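Taken in order, these protein sequences are the chains called A and B. In terms of my numbering, the first sequence opens at residue 520 and continues consecutively. In terms of my numbering, the second sequence opens at residue 520 and continues consecutively. This report concerns only the one structure given below.
There are 2 protein chains.
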Amino acid sequence: MARSGLLIVISGPSGAGKGTVCKALLEKKSDLLLSISKTTRKPRAGEKDGVNYFFVTDSEFMEAVREGDFLEYACVYGHKYGTPRSYVEEKLAEGYDVILEIDPQGALQVMKVYPNAVFIFLIPPSWAELCRRIEKRGTESKENMKKRLTAAVSELKQAHKYGYIVVNDSVEEASKRIISIIEAEKLRAFRNADFINAVIKEGG
Amino acid sequence: MARSGLLIVISGPSGAGKGTVCKALLEKKSDLLLSISKTTRKPRAGEKDGVNYFFVTDSEFMEAVREGDFLEYACVYGHKYGTPRSYVEEKLAEGYDVILEIDPQGALQVMKVYPNAVFIFLIPPSWAELCRRIEKRGTESKENMKKRLTAAVSELKQAHKYGYIVVNDSVEEASKRIISIIEAEKLRAFRNADFINAVIKEGG
């Protein structure tokens, strides 16, 4: 494939449902690739090494940082998360569309390196629903929950930096919306200059 | 409806198939409104007054110009075309999405007045196909055809000013692509600032 793939960044506050929506997205659109992050946090119930994340030790993570292996990395609620650079860049060059499911800290870093990526801010339909989803997860201490809610407010204040806002009222609808965004983004004029120039050359 | 509708401008060179694609689009998406232009040109086979265009005399057209009735107007191959302003602005304010099917001259005018409208440049899959479609139409003199092809080259050179490039290889596919664009555009972050601010207010 000559044409480079689309880098799609799906981010948003805790409780937005990033993981569930990305899973639905991959089931609906089999030509999408999900980049798997490395993390130092412990697996949650149902999470598998090499599927949801590569679960690594702190020293393994820091070695990857030193070697420049990460496209972005961040420390979030005491745990480190990073996106392996080589996998993403290879797949994009081969023409695949690659999804990064990352924290807002990481998304802001990617904006600087890949301004032409597609940045999607996923958000629950209301504040009350965001609180309910974080509580329901049941893995957080009271103190951590409070931290997540405070972080969510400042993350929401950065939402205007993203290309799109997708409300996750239902996983089905949210993933459909993201598919429309991916289809539309491929049609953006600035991504199709080569095609236009070829037609002009034929005609002129 | 509190939220203003989307203004969608579908333009492109002669032979791109703007009319056919817009017709398919309206059949697929019944909540879209098509703005009907006024023109001084004669109806082509099958075209109806008040459906495809309002067919008017030159002096009627010029009176509308004097009264500031047009959002954009242009003289294209010796005929005048204009978009009635009041209809479009009323419907947008009511929250309807309105389609303008207009010539590239008009589209460039609308870009100045409505930079946040959605600008779609429709294009045949190749130069050869563009020529074939204009010829097939059979309503043009040799000289007019030549004029249209020269114009098409300069119109293609302006295509980068549009938001999107849609190839009309099949009317079915082209209209589906435009529907994805409309759905994605409604999710653009800058169109959803009010929603984000409401969630922040709830949480903060």
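For every residue, glycine included, the Cβ atom is placed at its ideal position computed from N, Cα and C. None of the values given here were measured: they were computed from a predicted structure.
By a beta-carbon distance limit of 8 Å, B:Thr559 does not contact B:Val584. Their separation comes to about 11 Å. Note on the segment 656-719 of chain A: whole alpha helix (DSSP H) runs with a minimum of 4 residues are 661-675 and 690-704, in chain order.
By the Cβ neighbour-count rule, A:Tyr596 is exposed, with fewer than 16 other Cβ atoms within 10 Å of its own.
Of all residues in the segment 662-674 of chain A, only Leu668, Ala671 and Val672 place a beta-carbon less than 8 Å from a beta-carbon of chain B. At a cut-off of 8 Å between beta carbons, A:Leu706 contacts chain B. For the set B:Gly682, B:Leu552, B:Ile719 and B:Asn687, the Cα lying nearest the Cα of B:Arg707 is the one of B:Gly682. Bounds of the beta strand (DSSP E) holding B:Thr558 are Ser556 to Thr558.
Straight-line measurement puts the Cα of A:Leu641 at about 14 Å from the Cα of B:Lys705.
One alpha carbon belongs to B:Ile700, the other to A:Gly565, and they sit about 36 Å apart.
Distance from the CA of B:Leu627 to the CA of B:Tyr600, rounded to the nearest whole angstrom, comes to 14 Å. In this model, B:Ser605 and B:Asp588 are separated by some 7 Å (Cα to Cα). By the beta-carbon neighbour count (other beta carbons within 10 angstroms, threshold 16), A:Pro532 is buried. If you keep only unbroken beta strand (DSSP E) runs of at least 3 residues inside the segment 574-599 of chain B, you get 589-595. Under the DSSP assignment, B:Val570 falls outside any alpha helix (DSSP H); it carries neither an H nor an E label. A contact between stretches requires three or more CB pairs, one per stretch, nearer than 8 Å, and the segment 680-694 of chain A fails this requirement with the segment 655-667 of chain B. Contacts with chain B at 8 Å (Cβ-Cβ) include A:His679. Cβ-Cβ distances below 6 Å link B:Val607 to Ser554, Leu590 and Val617 in the same chain, with the five nearest sequence neighbours on each side left out; the list follows chain order.
Contact of A:Tyr683 with chain B is assigned, a C-beta pair being separated by under 8 Å.
Taking the Cα of B:Val632 as reference, the smallest distance to any Cα among B:Thr602, B:Trp646, B:Asn711 and B:Phe714 is reached at B:Thr602. The C-beta separation of B:Leu525 from B:Val637 comes to about 6 Å, placing the pair in contact by the 8 Å criterion. The C-beta of B:Val570 comes no closer than 8 Å to any C-beta of chain A.
By the C-beta density criterion, A:Arg667 is buried, having at least 16 other C-beta atoms within 10 angstroms. In the three-state reduction of the DSSP assignment, B:Glu566 falls in the coil class. In the displayed model, A:Ser605 falls within a helix according to three-state DSSP. Residues of the same chain with a CB within less than 6 Å of the CB of A:Pro644, apart from the 5 flanking positions on each side, are Val686 and Asp688 in chain order. Here B:Asn711 is not near A:Ile529, since their CB atoms are 8 Å or more apart.
Residues of the same chain with a CB within less than 8 Å of the CB of B:Asp568, apart from the 5 flanking positions on each side, are Pro562 and Phe574 in chain order. Boundaries of the beta strand (DSSP E) harbouring B:Leu619: Asp616 to Glu620, taken from the DSSP string. B:Leu544: member of the alpha helix (DSSP H) spanning Lys537 to Lys547, first to last residue. In the three-state DSSP reduction, A:Leu551 falls in the strand class (E or B).
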